[in-house]
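Working notes for the structure below.
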Amino acid sequence: MRILQGSSNPALTEKLVQTLGTDIVRRELMRFPDGELYIKMIDDVKGEDIVLVQSTYPDHNAVEFLLLSRTLKDMGARSVVGVIPYYGYARQDKVFKEGESFSARTMAKHLQMDLDHVICVNLHKEATLYEFDSVMSTVNVSVMEVIGSFLQGLGVDLVLSPDKGAMNYAREAAETAGCSFDHLEKTRMDGRTVIMTPKKLDVHGKVVGIVDDIIATGGTIQKAQETLREQGAREVYACCAHGLFTGGGRDRLVSALDGLYSSDTIENPTTAFSAAVPVAGRIREIMG
Ligand code: R5P
14 MRILQGSSNP ALTEKLVQTL GTDIVRRELM RFPDGELYIK MIDDVKGEDI VLVQSTYPDH
74 NAVEFLLLSR TLKDMGARSV VGVIPYYGYA RQDKVFKEGE SFSARTMAKH LQMDLDHVIC
134 VNLHKEATLY EFDSVMSTVN VSVMEVIGSF LQGLGVDLVL SPDKGAMNYA REAAETAGCS
194 FDHLEKTRMD GRTVIMTPKK LDVHGKVVGI VDDIIATGGT IQKAQETLRE QGAREVYACC
254 AHGLFTGGGR DRLVSALDGL YSSDTIENPT TAFSAAVPVA GRIREIMG
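This is the structure:
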């Protein structure tokens, strides 16, 4: 088994190589003057099991994923495991209004074409895995235990999710951190506006860790930390799997929080922990 590194996640891929003690498939990637991607495998992969590590966000990374997976099959790879650290379009996970694209499904139908197995990380909705209906196996790996260990190191007393729907993340992280968990009450008004109903929590004088799958605009975490400060929390940290940080959200949060951390599914200045160990565990299971 060897690993083929796309261009989206070099740090995570390097950690996977180290954790699994395997080699990289050498390849050449460059852009033509018109911006289109040129791909050439340097190594032969005939008859091999290859793990392709590549997120599908932003859009050009999805195109790269398709070109790399197809090239592996064209060159005779025996099997291809697609590791998708951050799955683009995950949040368009149903038709909210008639006529909309069911984007999470559409992406899966196309991405799976040259795959045998799929590993995603903290998919926004686990049911999206069912859309990969022509592969042998799918799995949604969670970094919440990794986050739990990290929060334990920060001395958190309580782990919270911003809403009830994400409370499983808080539970997973809190179990590892060895503390209690709960959730806040969030109502999303639109893509940029959230309202946090101040659910009364026992946070006075406590060190609180907020966990979520994605931080995008940062509006959710901003409201959550305001609510917690109003209720007397001593320190407030936020951790997520996927730090998208659109529209300057990161800087605002860094100044509002005692600490802001994300995993290497989207590498950025807040990346403080890695998805490599849980992902490597699943790769070992698949490879037997
Ligand atoms: C929503 O359901 C997700 O779990 C996140 O809470 C959301 O994507 C965060 O978005 P934002 O940072 O824009 O508030």
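Every number in this note's numbering is 13 more than the matching position in the sequence shown, counting from 1. From the three backbone atoms N, C-alpha and C, an ideal C-beta is built for every residue, glycine too. These numbers come from a predicted model, not from an experiment.
Cβ-based burial, residue i [other Cβ within 10 Å; buried from 16]
i: V185; result: It should be pointed out that residue 185 corresponds to Glu in this sequence rather than to Val. Burial call: buried.
i: V224; result: buried
i: H123; result: exposed
i: H217; result: exposed
i: I305; result: The displayed coordinates of the chain run from 14 to 301. Any statement about residue 305 would go beyond what the structure contains.
i: R205; result: exposed
i: S275; result: buried
i: Y51; result: exposed
i: Q31; result: exposed
i: V249; result: buried
i: G231; result: buried
i: T119; result: exposed
Reference residue i; option with closest CA among the options
i: A90; options: Q18, V64, E198, G301; result: V64
i: R247; options: G48, D271, A254, N74; result: D271
i: G261; options: V94, I228, A293, C252; result: I228
i: F115; options: Y102, D127, Q125; result: Y102
i: G48; options: K199, D72, L29; result: D72
i: E280; options: L50, V267, C253, R83; result: C253
i: D160; options: S150, V172, M149; result: The question names Asp, but residue 160 in the sequence shown is Ile. Cα-wise, what sits closest to I160 is V172.
i: F286; options: I234, D277, N74; result: D277
i: L142; options: D106, K177, T32; result: D106
i: D127; options: D226, V148, D264, A179; result: V148
i: A288; options: S193, N153, R242; result: N153
i: Y70; options: V290, T259, R263, T284; result: T259
i: I37; options: G294, V221, F45, E61; result: E61
i: Q125; options: R104, G112, F109, S150; result: S150
i: S162; options: T283, N181, C192; result: C192
Contact belief for residue i with residue j at Cβ below 8 Å, rounded distance in angstroms
i: V169; j: A140; result: In fact, because the Cβ distance is near 30 Å, the residues do not count as touching under 8 Å.
i: Q238; j: A269; result: 6 Å
i: S82; j: N22; result: The pair is not a contact, with the Cβ atoms about 15 Å apart (cut-off 8 Å).
i: K175; j: K138; result: Looking at the sequence itself, residue 175 is Pro, so the reference to Lys does not match. About 16 Å; that fails the 8 Å criterion.
i: E144; j: A117; result: 7 Å
i: L33; j: I296; result: 6 Å
i: Y100; j: L42; result: So it is not a contact: roughly 21 Å between Cβ atoms.
i: L241; j: V221; result: 6 Å
Residue-level contact to chain D via CB, residue i, 8 Å cutoff
i: V148; result: Protein chain content of the structure displayed is limited to a single chain, and chain D is not contained in it.
Residue i Cβ short of 7 Å to ligand 2 heavy atom set
i: T283; result: With respect to ligand 2, the structure offers nothing, as its ligand set consists of ligand 1.
On the three-pair Cβ rule with 8 Å, is the segment 132-147 touching the segment 91-109?
Taking one beta carbon from each stretch, the segment 132-147 and the segment 91-109 have 3 or more pairs nearer than 8 Å; the two touch.
Identify every run of the alpha helix (DSSP H) within the segment 167-223, keeping only runs that are complete inside it and at least 4 residues long; order them along the chain.
Taking 4 residues as the minimum length, the alpha helix (DSSP H) runs contained wholly in the segment 167-223 are 180-190, in order along the chain.
Would you call the segment 50-63 and the segment 22-32 in contact, with 3 or more CB pairs under 8 Å?
Not touching, per the Cβ criterion.
Kindly provide the ranges of any beta strand (DSSP E) runs that are 3 or more residues long and lie completely inside the segment 41-68, ordered along the chain.
Counting only runs of 3 or more, we get 50-54, 62-66.
Every unbroken alpha helix (DSSP H) within the segment 64-106, with a cutoff of 4 residues, ordered by chain:
Restricted to the segment 64-106, the alpha helix (DSSP H) segments that are unbroken, complete and at least 4 residues in length are 72-87, listed in chain order.
Suppose only complete runs of 4+ residues qualify. What are the alpha helix (DSSP H) ranges in the segment 214-277, listed by chain order?
Runs of the alpha helix (DSSP H) inside the segment 214-277: 232-243, 262-269.
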